[in-house]
Amino acid sequence: MSNAFTQRQLRDAFGEFATGVTVVTAVRPDGEPVGVTANSFSSVSLEPPLLLWCLASSSSSVPAFAPGASFSVHVLSHEQRELALHFARRTAEKFEVDLHWRANPHPPHLDGALCRFDCRVHAVHPGGDHVVILGEVLVLTRGAGHPLAFHAGRFGQFSADRGSPKVDVWDGANDGWF
Ligand SMILES: Cc1cc2nc3c(=O)[nH]c(=O)nc-3n(C[C@H](O)[C@H](O)[C@H](O)COP(=O)(O)O)c2cc1C
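For what it's worth, my numbering labels the leading residue of the sequence shown as 895, then goes sequentially.
So, in structure tokens, the structure goes:
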């Protein structure tokens, strides 16, 4: 099927959606720890507590995310840009360098994240050249700091507009804001 846009145009258009940055860690069935930088993270559900992210089906990390497997999502702070770049590399041995990770309990936990969601794979859905991984959140750990932001291929920081009121997205779903 031919589209009215090129893949480059689609990538650039997707990149207009500003996001935070996460590193998702898990352990493959062969015992290899894996870690992938991902900005496809999204919250999904409060009850049950679900989140999702998308992983390239070509990734060597796919076997680590079979239904029932454990994984951890680290929401990176603005100080963790190097970590984001490190886990964006296509290399098997991402845990060989000193990255302050603790092998116990698995999957690897990285220090310094804004928050960490320890999850169990709830479902894996096909999504074109990616798989959509739904995780049930089992444990929530909060840190402190400012978020690492990503937009149009660049890292940066988020700053709230002065005087901008706090909006509760989840309440809005029930009551409406407008
Ligand atoms: C900011 C940023 C966001 C990324 N988001 C994703 C993503 O959501 N899903 C994905 O599969 N790859 C994403 N990548 C690319 C992966 O991090 C990279 O391909 C992966 O770490 C390769 O590791 P692997 O060889 O273990 O698969 C992203 C890269 C960057 C720099």
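Built from N, CA and C at the ideal position, the CB exists for glycine as well.
Give the straight-line distance between the Cα atoms of residue i and residue j, rounded to the nearest whole angstrom.
{"i": "V1026", "j": "H1019", "result": "5 Å"}
{"i": "E1030", "j": "L1042", "result": "24 Å"}
{"i": "F989", "j": "L946", "result": "24 Å"}
{"i": "F1049", "j": "L977", "result": "12 Å"}
{"i": "R1010", "j": "L1034", "result": "6 Å"}
{"i": "S1074", "j": "R1056", "result": "Because residue 1074 is not part of the residues shown, which for the chain are 895 to 1072, the question remains open."}
{"i": "L943", "j": "Q903", "result": "Note on residue identity: the sequence assigns Pro, not Leu, to residue 943. Their backbone Cα atoms lie some 35 Å apart in a straight line."}
{"i": "F911", "j": "S939", "result": "21 Å"}
{"i": "G1006", "j": "S971", "result": "7 Å"}
{"i": "S934", "j": "H1024", "result": "11 Å"}
{"i": "S954", "j": "V1061", "result": "39 Å"}
{"i": "D1012", "j": "A907", "result": "31 Å"}
{"i": "H1000", "j": "F899", "result": "42 Å"}
Give the secondary structure of residue i by DSSP, where H, G and I count as helix, E and B as strand, and everything else as coil.
{"i": "A907", "result": "helix"}
{"i": "F1072", "result": "Note on F1072: pLDDT 48, under 50, position unreliable in the model; no value is reported."}
{"i": "D1065", "result": "helix"}
{"i": "V1015", "result": "strand"}
{"i": "R1056", "result": "coil"}
{"i": "R1010", "result": "strand"}
{"i": "V917", "result": "strand"}
{"i": "R922", "result": "coil"}
{"i": "F899", "result": "coil"}
Taking residue i and residue j to be in contact with their CB atoms under 8 Å, please state how far apart those CB atoms are, rounded to whole angstroms.
{"i": "E973", "j": "G1039", "result": "7 Å"}
{"i": "R1014", "j": "S964", "result": "6 Å"}
{"i": "P1002", "j": "G929", "result": "7 Å"}
{"i": "V917", "j": "H968", "result": "5 Å"}
**Prompt:** Which residue spans inside the segment 958-1008 form an unbroken alpha helix (DSSP H) run of at least 4?
**Reply:** 975-980
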